[in-house]
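Structure record follows, encoded as structure tokens.
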Amino acid sequence: DVDSTVCMDEAIDELARFAGRDKEVADLTNKAMRGGMTFREALERRLELIKPTARMLQEYIEQNPPRLSTGIEELVAQLQSRGVAVYLVSGGFRSIIESVADELGIPRKKHLRQSNQVLPSTGEYAGFEEDAAHLAPGRQGESSSIPSSRSTASSASSWVGRREPRTWAALPSCRMLFIGYGGNQSPAKKVKKAASWFCLQFRRTSARAE
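Under the UniProt record's numbering, think of the first position of the sequence shown as 1, with each following residue one higher.
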């Protein structure tokens, strides 16, 4: 997970602050985290308030380089040195996620999963691609998309984040390990309960990965 896990903050909240709509968006974020609406509903309503454009995103990226969580660079480098594929999963804009991927040396082409909000040639926000898996039914605290191999019965994947994944329900053949992370924001109690392991520092995760 990218927001509040790989990165220290929530990109959509920071983008809202950049656009001067942070209070309204924060109210919606809090409502979503309490389970008052689906992930898609929350994201749509927040983006309707922000009204992002291609120019706004470019200026935001230029003025706000990624604030990576302490220890994440070392963890990603360690995993990659062992041949482990590392993916970034987010409900945000691809252009923002790409800047994070570049900082971590994660390939853009195949290792990013985001909601693909469409910005056409006009530069105006036009909504979501309908097949974006992140927007499948589910509450804000439940991610519905984690890259995994559907064709390999023995494949194993780990999801790291403060949101609870539901991928094992869709991928029964995939061994899934959920590592809960609370180093930036405290996750809901149900997330801690669902996690196979919970940590507050990526340095500890790196040590366990060894």
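The C-beta atom is built at its ideal place from N, Cα and C for all residues, glycine as well.
Roughly how many angstroms lie between the CA atoms of D1 and R17, to the nearest whole one?
-> Numbered from its first residue, the sequence shown carries residue 1 at position 1. Numbered from its first residue, the sequence shown carries residue 17 at position 17. Going by the C-alpha atoms only, they are around 21 Å apart.
Cα separation between E41 and K190?
-> Along the sequence shown, one-based indexing puts residue 41 at 41. Along the sequence shown, one-based indexing puts residue 190 at 190. Near 21 Å, if we compare the C-alpha coordinates of K190 and E41.
Per-residue DSSP class, three states only, for R40 | Position 40 of the sequence shown, counted from the first residue, corresponds to residue 40. If DSSP states are grouped into helix, strand and coil, R40 belongs with the helices.
When you compare only the Cα positions, how much space is there between I106 and S4?
-> Counting from one through the sequence shown, the residue named residue 106 turns up at place 106. Counting from one through the sequence shown, the residue named residue 4 turns up at place 4. Near 18 Å, if we compare the C-alpha coordinates of S4 and I106.
Where does the unbroken alpha helix (DSSP H) through F18 begin, and where does it stop?
-> As a first step, residue 18 must be located in the sequence shown, where it is residue number 18. Here the alpha helix (DSSP H) through F18 covers 11-19.
To which residues does DSSP link S196 through a beta bridge?
-> In the sequence shown, residue 196 corresponds to position 196, counting from 1. DSSP output for S196 lists no bridge partner at all.
Under a Cβ-count criterion, where at least 16 other Cβ atoms within 10 Å of its own Cβ denotes burial, should V84 be classed as buried or exposed?
-> On the sequence shown, position 84 is the one that residue 84 refers to. Flag for V84 reads exposed.
Candidates D9, V160, N184, G123: closest to L177 by CA position = If you number the sequence shown from 1, residue 177 lands on position 177. With distances taken between Cα atoms, L177 lies closest to V160.
Select from L112, P52, Q185 the residue whose C-alpha is nearest the C-alpha of E124.
-> On the sequence shown, position 124 is the one that residue 124 refers to. For the residues L112, P52, Q185, the minimum Cα distance to E124 belongs to P52.
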